[in-house]
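Note that my numbering has the sequence shown beginning at 704, numbered continuously upward. C-beta atoms are modelled at their ideal positions from N, C-alpha and C, and glycine is treated no differently. Below is one structure; the comments refer to it alone.
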Amino acid sequence: MVGPDLTLRLWNRSYADLLGLPEGLCRAQAPYRDILEHRAASVLVTEGIEDYVVTQMAALVARPDAPIIVKHASGRVVQVDRLWLDDGSFLELARETAPPNPEHGRPQESAIERDDITSLPNRNNFLALLEKSLANGTTQPGTLLFVGLEDFQDVNDFLGHALGNALLRGVAERLINIAGPDGIVARLTGVEFALLMPEITTTDDAAVFAERLIHNLQRDAIAVGSTFEIDVNASIGITRLPDDGDEPGQLMRNADLALSRARASRSRRYHFFQPEMDEEAKRLGLIKLELRHALERDELVVFYQPKIDIRSGLIIGMEALLRWKHPEHGMIPPGQFIPVAERTGLISPISDWMMRESCRQTRVWNDSGIADLKLAVNLSTVQFRRQSVIGSITAILEDTGFDPEKLEIEVTESVLLGDDDVVTETFSWLKAIGIPIAIDDFGTGYSSLSYLMRFAADTVKIDASFIKNLHDSPDGQTITRAIISLAHSLRMKVVAEGIELPEHLAFLRSEDCDIGQGYLFSRPVPGAEFEALIKTQTNFVQKHSVTSENRRLGPDDRRV
């Protein structure tokens, strides 16, 4: 599905496979223009790439519904039909129109079962080969590896899809050499390859092979065209047969889960399948399915955690935090569903809803004279880098009539990395209309002074990991003191989050920290409870000073 802004909203693997789209290209908010460019670069050769893209983009104004016939170099023919919706979105339905092989009931291998770019067996062909190796219940020990290339989207972004395809062919050649005559190599989809290695029969041998494979890919850059040489990094998922299963689909799923775990790990470049991964995947799959309906069923709610001015002791604002009130499972913490939302593209509508609702509610409080509050909303790296974030925030401010100077956008340090034009443009726009920017979890990431000065943030938030041991950690005190001093020297305000003990508050007061946030003052609470807090405004600093009779928080009270 392509949205009215001509960015990709939804897709499935079959669509990507049929059109030969790289994995990095199929992502939430990907420009439809990129899909057209890839189609021209890797499939269509009858006209120039730019001419084709310009012509197709211009034709979309008339909402054409005539079928598009895509003829791959391998002989595969795919028909793409468009279904237009009232809001300007459209669905693209792709189906293969090559004649089937009457003998096998499947398309001919020569034209249909080879990958269009690398000429390796494609996913369907590889699945058939794997099924053949497992036939008749005589499964011999072996190893299946999924290899995923990392940072491949950067190649397409900077060099174009034609050279990206050349890199894929170079990787394919290297994998064939590594696998040897007994191995089977296939390109599954996008930047993922599969290797079936019947001669690797033990876990130790599989680990050694994975290390050798990664080293071989990284050792020498792969020549692309006559100008570029590109370094290749990869992650690997490994499953062993028949130990992990004897059914092709199950083994493919196992290797895919192991690859996902390897990509998520910061310390391991390859990972073996473990049975608990399947249970975790089923759980996350259920969350994904139900999350799609959470918005329409009004299951999402906004909680608010107060921010306290450490000098006056009063509530001056709050951070909006998302919660999912599931009808069967109760309150689901954001750590369980936000990562799923980010991976599936659901984070955009969910984030927009939360910002809209919290802006609406905060304006009600401010207009009623209850308080004059500033609202902080966190945007993840995935959300902040999407090209439509400016349009979303603009629409929300217009619809709610919320004052942009009372909205603070919190981002983590990882958002600042690199020279991303979307990030730079968004920062500049936020500053221009008066929305303050806070760097969240400061000190846990890269903490580069150049980033702070370049993006001119207004606030830094000291991560809770530094605050929780302030009462008995000289190192924590030194780091916290340094962050406060650095921020003030750059004319930034400082928020300390995770304040749990009166001793924490006392130290932060002595170091002239500006704002405090944490369980010592209040947990995140629903809107009605937060309204009660601001109506009975109290001096939280006096209430929780170390001279008062406050006990230390026990383990059950601490922030989790």
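Cα-Cα, which of 837, 1046, 1010 and 920 is closest to residue 947? 837
Going straight from the alpha carbon of residue 1203 to that of residue 1219, what length do you get? 10 Å
Rounded straight-line distance, which links the Cα of residue 994 to that of residue 1044: 8 Å
Contact check, residue 960 vs residue 937, beta carbons under 8 Å: no
First and last residue of the alpha helix (DSSP H) that includes residue 918? 906-922
CA-to-CA distance, residue 1113 to residue 1080, given in whole angstroms: 6 Å
Measure the C-alpha to C-alpha separation of residue 1116 and residue 1197 and round it to an integer number of angstroms. 15 Å
Put residue 872 into one of helix, strand or coil per three-state DSSP. helix
Distance, residue 966 Cα to residue 957 Cα: 14 Å
Please work out which residues of its chain come closer than 8 Å, Cβ to Cβ, to residue 817, disregarding the five sequence neighbours upstream and downstream, and give them in chain order. 777, 823, 824, 825 and 828
Rounding to the nearest angstrom, what Cα-Cα distance links residue 1070 and residue 1076 in this structure? 10 Å
Tell me the rounded alpha-carbon separation between residue 1185 and residue 1177. 12 Å
Report buried or exposed for residue 1207, applying the criterion of at least 16 other Cβ atoms within 10 angstroms of its Cβ. buried
Own chain residues within Cβ distance below 6 Å of residue 656, not counting five before or after: Look at the range of the chain in this structure, 704 to 1263, and you will see that residue 656 is not part of it.
Contact set for residue 1161: own chain, Cβ-Cβ below 8 Å, skip 5 residues either direction: 1111, 1139, 1140, 1141, 1195 and 1196
Leaving out five residues before and five after residue 768 in sequence, what residues of the same chain have Cβ atoms less than 7 Å from its Cβ? 785 and 787
Are the beta-carbon atoms of residue 1049 and residue 1065 separated by less than 8 Å? no
Going along the chain, which residues of its own chain have a beta-carbon closer than 8 Å to the beta-carbon of residue 854, five neighbours each way excluded? 936
Cβ-based burial, residue 808 [other Cβ within 10 Å; buried from 16]: At residue 808, the pLDDT of 37 sits below 50, so the modelled position is not reliable and the matter cannot be decided from this model.
Let me know the beta strand (DSSP E) ranges lying completely inside the stretch 1189-1224, each 3 residues or longer, listed in chain order. 1196-1200 and 1218-1220
Measure the Cβ-Cβ separation of residue 990 and residue 1237 and say whether it is below 8 Å. no
Could you give the first and the last residue of the continuous beta strand (DSSP E) run that contains residue 845? 845-852
Once the 5 residues before and after residue 1060 are set aside, which same chain residues still bring their CB inside 7 Å of it? 1005
Going along the chain, which residues of its own chain have a beta-carbon closer than 8 Å to the beta-carbon of residue 1038, five neighbours each way excluded? none
What three-state label does DSSP hand residue 1079 in the structure shown? strand
I need the straight-line Cα distance from residue 975 to residue 914, nearest angstrom please. 13 Å
Taking 8 Å as the threshold (C-beta atoms), are residue 1051 and residue 1082 in contact? no
Quick check on the burial criterion: 16 or more other C-beta atoms within 10 angstroms. Buried or exposed for residue 1246? exposed
At 3 residues or longer, and completely inside the stretch 982-1023: list those beta strand (DSSP E) runs for me, N to C. 1003-1012
Cβ-Cβ distance between residue 1008 and residue 1225 below 8 Å: yes
If we call anything under 8 Å between Cβ atoms a contact, is residue 780 one with residue 800? yes
Using 8 Å as the threshold, is the C-beta distance between residue 1084 and residue 1118 below it? yes
Starting from residue 1164, trace the beta strand (DSSP E) both ways and give me its first and last residue. 1162-1165
From the DSSP output, in three-state form, read off residue 1132 for me. helix
Distance CB(residue 900)-CB(residue 882) smaller than 8 Å: yes
Measure the CB-CB distance between residue 831 and residue 721 and report whether it falls below 8 Å. no
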